[in-house]
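**Student:**
Numbering (the working numbering), first residue to last: 3 to 615.
1. Since residue 416 and residue 443 are thought to touch, with beta carbons under 8 Å apart, how far apart are those beta carbons, to the nearest angstrom?
2. Below 6 Å CB to CB, which residues in the same chain sit around residue 498 once its five sequence neighbours on both sides are set aside?
3. For residue 228, which of 237, 241, 220 has the nearest alpha-carbon?
4. If we count Cβ pairs, one from each stretch, closer than 8 Å, do we get three or more for the stretch 341–355 versus the stretch 306–325?
5. With DSSP run on the structure shown, which of helix, strand or coil describes residue 286?
6. Does the stretch 493–512 come close enough to the stretch 205–222 that 3 or more CB-CB pairs lie under 8 Å?
7. Counting only the same chain and skipping the five closest in sequence on each side, list residues whose C-beta sits under 6 Å from that of residue 668.
8. On a CA-only basis, which of 612, 452, 581 is nearest residue 598? Give me that one, please.
9. Taking residue 525 as part of the alpha helix (DSSP H), name the residues at either end of that continuous run.
10. Bridge partners of residue 450, per DSSP?
11. Quick check: residue 366 and residue 280, are their CB atoms within less than 8 Å of each other?
12. Along the beta strand (DSSP E) that carries residue 330, what are the first and last residues, could you check?
13. Under a Cβ-count criterion, where at least 16 other Cβ atoms within 10 Å of its own Cβ denotes burial, should residue 500 be classed as buried or exposed?
14. Give me the DSSP bridge partner(s) of residue 593.
15. Which of the three DSSP states is assigned to residue 299 in this structure?
16. Are the stretch 527–540 and the stretch 247–265 touching by the rule of at least three beta carbon pairs closer than 8 Å?
17. Let me make sure I understand the geometry here. Which of 591, 583, 607 has the alpha-carbon closest to that of residue 613?
18. Using CA coordinates, which residue listed in 421, 526, 590 is at the minimum distance from residue 605?
19. Residue ranges of each alpha helix (DSSP H) run of no fewer than 4 residues wholly in the stretch 427–486, ordered along the chain?
20. Three-state secondary structure (DSSP) at residue 646?
21. Can you look up residue 342 in the DSSP assignment and give me helix, strand or coil?
22. One question on the structure: do residue 477 and residue 180 come within less than 8 Å of each other, judged by their Cβ atoms?
23. Give me, in chain order, the residues of the same chain whose beta-carbon lies closer than 7 Å to that of residue 223; leave out the 5 immediate sequence neighbours on both sides.
24. By the three-class DSSP mapping on this structure, what secondary structure does residue 514 have?
25. Based on the DSSP output, what are the partners of residue 195 in its beta bridges?
26. Just to confirm, is the Cβ distance from residue 528 to residue 559 under 8 Å?
27. Which same chain residues end up closer than 7 Å to residue 203 when comparing Cβ atoms and leaving out the 5 residues on each side of it in sequence?
28. For residue 586 and residue 611, which I take to be in contact (beta-carbon distance under 8 Å), what is that distance rounded to the nearest angstrom?
29. Going by the CB atoms, is the gap between residue 45 and residue 75 shorter than 8 Å?
30. Report the option in 51, 43, 47 whose CA atom is closest to the CA atom of residue 37.
31. Tell me the rounded alpha-carbon separation between residue 618 and residue 347.
32. Tell me whether the stretch 404–416 and the stretch 454–465 touch, counting them as touching only if at least three CB pairs, one residue from each stretch, are closer than 8 Å.
33. Using the DSSP secondary-structure output, state which residues sit across from residue 186 in a beta bridge.
34. Can you give me the Cβ contacts of residue 600 inside the same chain, cut-off strictly under 6 Å, excluding the 5 residues immediately before and after it?
35. So, for residue 297: in the same chain, excluding its five sequence neighbours on each side, which residues have a beta-carbon less than 6 Å away from its beta-carbon?
36. Take residue 77 as the anchor and find which of 66, 43, 71 has the nearest alpha-carbon.
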């Protein structure tokens, strides 16, 4: 826990503007007199937002942002007795933002250096609660103390304080807290598994920390509480309750599961301006599916008509924007993850005008840059040449207007960095997306490929290339994104190939992204494989039960459609509903053996309905 505490201090104060004092002693008990966000330095703000500082003990600071402001990439200005402090974007590893999407968001201690001692003066500690208009405050008012070693203790949190702190005090299941290693898992490749049984999906190893379950149909239909997946497009050989066990198994390993919508086949017929059936999207049904199956979010994998070559057409650009906008209308940022899987050339300036690519003169990776590189990027290959190379695709730049319109509402851009012709430089795609990530605040995940790409001329990923790309991302690339949790994606984890292995790729990427040398990571990755599932994710409701909920109960008895709260059960997903004492309750974050209690106004459980039986 001490490491997290020091890290929080570093995030707040290690990088400060020269004209602002950066030396304040914690033991002086300096009072914070204002905590604000300046419009000129925070995306989405039209005017400054000032915090309301309480006179409680311990004190807290509350700020209400306008609706739509991204809360995961903010930059505060803090004024205290005798000076002020403001984190600076800086360069390299000093580049910092703050993520205020967690329940108990952070605490602030004015301190002078990394290894300062911290005393128990309550005036030095502040909770900071930031939320948007229409969103309930997540403030949790636990008592806090600091022990003689400088460790923070949250009273009433049980014996697992260290884990709770490491997860950001409140774990709603959606935070991105480490570099991403992301694998597409094709549901049609799964094998049958009964209760407690092993399977390919259930045995995904924990070094893969995000999984895209692919693919759901864009026009999928799902009835809340039914656990009937027959009309969703997911093609597992087992039913909904077995799928729920599989997802629970991954969640219990700390793996976030995201539903990938679309893919190459499910957008069939979705050509320019067509009124195709696949656009009949029921966003509420997608949300209900996510909620019932403990899924963290949705990935829009948009390949209209099975192609990416037409993505720069205005119709499809607007569709991509529509997917994100309508998703966010019912799946708020901070509660659900929204990901997109655009073409790898989607952030690179194209030859323009539409449909021959979209350019952005303000980006360092515009079309003029591509022409200046020569060789495989030479002007002769930019427009209409065959074979097309990196800057020659009609879809070049297609994601630029999407990012400009809704980039701040996207959490993960996992671009398809494969099938991009003969280019041997796969890093420039990362840099191009990173440029926009620094503006709009999403995380960039570079797509890689197992086995031969379907389109030639071919580029073969191998262990050395995976390690090299991972190291480049770990070091932040040309856009100085060290520490921003960017990572590696793979299509797809189970792809057969005699020379390459998806597990190896993911393990190597995982190791390099946490600082292991390339040579050591490759050596470690050579033995990588699945982790056999031995149980722990089972659900206790019986198949065919159409009741709402999904957490289940040992008896199967339901109250107003929901199971009774179970002290032995882990409620890992925010929004899980249970019955107790004539009320229906919903949890705000991960919990176990903490009973709903009306006396705890800011506890993990909140009342959502009465249930007077």
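A virtual CB, placed ideally from N, CA and C, is assigned to each residue, including glycine.
**Tutor:** Inspection of the coordinates gives the following:
1. Along the chain shown, one-based indexing puts residue 416 at 414. Along the chain shown, one-based indexing puts residue 443 at 441. The pair is not a contact, with the Cβ atoms about 16 Å apart (cut-off 8 Å).
2. Along the chain shown, read from residue 1 onward, the residue named residue 498 stands at position 496. Nothing meets the Cβ criterion.
3. Numbered from 1 along the chain shown, position 226 holds the residue referred to as residue 228. Ranking 237, 241, 220 by Cα distance to residue 228 puts 241 first.
4. yes
5. Residue 286 sits at position 284 when you count from the first residue of the chain shown. The answer is helix: DSSP assigns residue 286 an H, G or I state.
6. yes
7. Residue 668 is absent from the model: the chain starts at 3 and stops at 615.
8. By one-based count along the chain shown, residue 598 stands at place 596. The shortest Cα separation from residue 598 among 612, 452, 581 belongs to 581.
9. Locating residue 525 in the chain shown gives position 523, counting from the first residue. Note, residue 525: alpha helix (DSSP H), 520–527.
10. Indexing the chain shown from 1 puts residue 450 at position 448. BP columns for residue 450 point to 492.
11. As a first step, residue 366 is located in the chain shown; it is residue number 364 there, counting from the start. As a first step, residue 280 is located in the chain shown; it is residue number 278 there, counting from the start. No. Outside cutoff.
12. The residue labelled residue 330 in the question sits at position 328 within the chain shown. Note, residue 330: premise wrong, no beta strand (DSSP E); alpha helix (DSSP H) at 316–332.
13. Here residue 500 refers to the residue found at position 498 when the chain shown is read from its first residue. Result: exposed.
14. As a working mapping, residue 593 is identified with position 591 in the chain shown. For residue 593, which the question treats as bridged, DSSP gives the partners 573.
15. Counted from its first residue, the chain shown places residue 299 at position 297. Correct three-state label for residue 299: strand.
16. yes
17. Against the chain shown, residue 613 aligns to sequence position 611. Considering only alpha carbons, the answer is 583.
18. Your numbering for residue 605 matches position 603 in the chain shown. Measuring from the Cα of residue 605, the nearest candidate turns out to be 590.
19. 429–442, 465–476
20. Not covered by the structure: residue 646. The range shown for the chain is 3 to 615.
21. Mapped onto the chain shown, residue 342 falls at position 340. Looking at residue 342 - three-state DSSP - the assignment turns out to be strand.
22. Start at 1 with the first residue of the chain shown, and residue 477 comes out as number 475. Start at 1 with the first residue of the chain shown, and residue 180 comes out as number 178. Their beta carbons are not under 8 Å apart, which means residue 477 does not touch residue 180 by this criterion.
23. Locating residue 223 in the chain shown gives position 221, counting from the first residue. Around residue 223: 233, 284, 287.
24. Mapped onto the chain shown, residue 514 falls at position 512. If DSSP states are grouped into helix, strand and coil, residue 514 belongs with the helices.
25. On the chain shown, residue 195 is found 193 positions in, with the first residue counted as 1. Paired residues: none, contrary to the question.
26. In the chain shown, residue 528 corresponds to position 526, counting from 1. In the chain shown, residue 559 corresponds to position 557, counting from 1. Result no, Cβ atoms of residue 528 and residue 559 do not sit closer than 8 Å.
27. In the chain shown, the residue the question calls residue 203 occupies position 201. Only 187, 192, 248 meet the Cβ criterion.
28. In the chain shown, counting from the first residue as 1, residue 586 sits at position 584. In the chain shown, counting from the first residue as 1, residue 611 sits at position 609. Indeed, because the Cβ distance is near 4 Å, the residues count as touching under 8 Å.
29. Working through the chain shown from its first residue, we reach residue 75 at position 73. Working through the chain shown from its first residue, we reach residue 45 at position 43. For residue 75 and residue 45, yes; Cβs fall inside 8 Å.
30. Numbered from 1 along the chain shown, position 35 holds the residue referred to as residue 37. Selected option, being the one with the closest Cα: 51.
31. No statement about residue 618 is possible, as the shown extent of the chain runs from 3 to 615 and does not include it.
32. no
33. The sequence position of residue 186 within the chain shown is 184, counting from 1. Bridge partners of residue 186: 214.
34. By one-based count along the chain shown, residue 600 stands at place 598. If we look at residue 600 and ignore the five residues flanking it on each side, it has no Cβ neighbours.
35. As a working mapping, residue 297 is identified with position 295 in the chain shown. Cβ within range, chain order: 259, 261.
36. Stepping through the chain shown from its first residue, residue 77 is reached at position 75. Closest option to residue 77, Cα to Cα, is 43.
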